[in-house]
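In the UniProt record's numbering, the protein residues as written are 1 to 280. Shown next, in structure tokens, is the structure this report addresses.
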Ligand SMILES: [Fe+2]
Ligand SMILES: [Fe+2]
């Protein structure tokens, strides 16, 4: 009943490891989409795939290109130029590919913590959407005569995953509730850059990303609050403690308060952690 060219592994954890250990970006994202479809088809048929257990790699397989450099060595380009727009899309493609791995990693890494089925549904859906995001952005690079791998990229992206490899609440805090929430803050400005340049494909890709990322932040907040409830922890205090433990640096305003609210992130979660020169 499936038209996927990839055999479906026997459990969700095995699907995750299959994606994480695939280096080629197009193959990784194709597998990710096929496995997500298999998960939801099985759910709809009333025969859910087992969660299973598997050992995800400490670092996911990645293609030989792009070359990964320390953030300070990644060349900066003016966003108003052709080269700058290409670099911006390239950096975004890298973020999206990293996000594919992050969302599959959370599915495989924490199987010892029993969670409701909705937790797996949410992260499989998010992983599928990230795979689409990568493909959309890579297609935009194509229209600019570029491709993912042409430029160097940021080497530090997986650090949040390594730092929180043993702590599910830490992972939910740093990945969806800090890093993906930051995406909500900066995406409208990126859309504006491509609007000024008259690039409709890039605008459409970013609008899809913007709409779907609200959902990913919301999944993070939902399951973080669920675990706080399970352990009788105060959500705000716990969030602050985990950001200070696992996130390096202050949160950067301006914040997209409207979209953060839509995603279930109240201002008293993030404002106390913000760097601010104006003491109000
Ligand atoms: Fe994304
Ligand atoms: Fe996301």
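The C-beta atom is built at its ideal place from N, Cα and C for all residues, glycine as well. Just so we're clear, the structure is a prediction, and the values are computed from it rather than from any experiment.
Requested in this report: Taking 7 Å as the cut-off, decide whether the C-beta atoms of residue 70 and residue 77 are in contact.
Outcome: The answer is no: Cβ separation not under 7 Å.
Query raised in the report: Just checking my contact of residue 138 with residue 148 at CB under 8 Å: how many whole Å lie between their CB atoms?
Result: 5 Å
Report task. Please classify residue 248: does DSSP put it in a helix, a strand, or coil? Result -> coil
**Report entry** Extent of the continuous alpha helix (DSSP H) to which residue 26 belongs
**Finding:** 25-44
Requested in this report: Just the C-alpha distance for residue 146 and residue 193, rounded to the nearest angstrom, thanks.
Outcome: 18 Å
Requested in this report: Give the secondary structure of residue 14 by DSSP, where H, G and I count as helix, E and B as strand, and everything else as coil.
Outcome: helix
Query raised in the report: For residue 59, which option in 35, 108, 41 has the closest C-alpha, if you only look at C-alpha atoms?
Result: 108
Query raised in the report: Listed in chain order, which residues are found with a beta carbon closer than 6 Å to a heavy atom of ligand 1?
Result: 96, 99, 130, 133, 209, 213
**Report entry** Under 7 Å between C-beta atoms of residue 18 and residue 37
**Finding:** Not in contact: residue 18 and residue 37 (Cβ atoms no closer than 7 Å).
Query - Other residues of its chain near residue 208: CB distance less than 8 Å, five sequence neighbours each side excluded - result: 132, 133, 136
Report task. Give a single yes or no on whether residue 216 has its beta carbon closer than 6 Å to a heavy atom of ligand 2. Result -> Relative to ligand 2, residue 216 has its C-beta within less than 6 Å of a heavy atom.
**Report entry** Collapsed DSSP secondary structure at residue 20 in the structure displayed
**Finding:** helix
**Report entry** Three-state class that DSSP yields for residue 274 in the structure shown
**Finding:** strand
Requested in this report: Give a yes or no on contact between the segment 251-258 and the segment 156-166, applying the rule of three or more CB pairs nearer than 8 Å.
Outcome: no
**Report entry** Beta-ladder partner(s) of residue 240, from DSSP
**Finding:** Answer by DSSP bridge pairing: none, since residue 240 is not bridged.
Query raised in the report: If you run the structure through DSSP and keep just helix, strand and coil, what is residue 227?
Result: helix
Report task. Give me the Cα-Cα distance between residue 75 and residue 202, rounded to the nearest whole angstrom. Result -> 22 Å
Report task. May I ask whether a heavy atom of ligand 2 can be found less than 6 Å away from the beta carbon of residue 207? Result -> no
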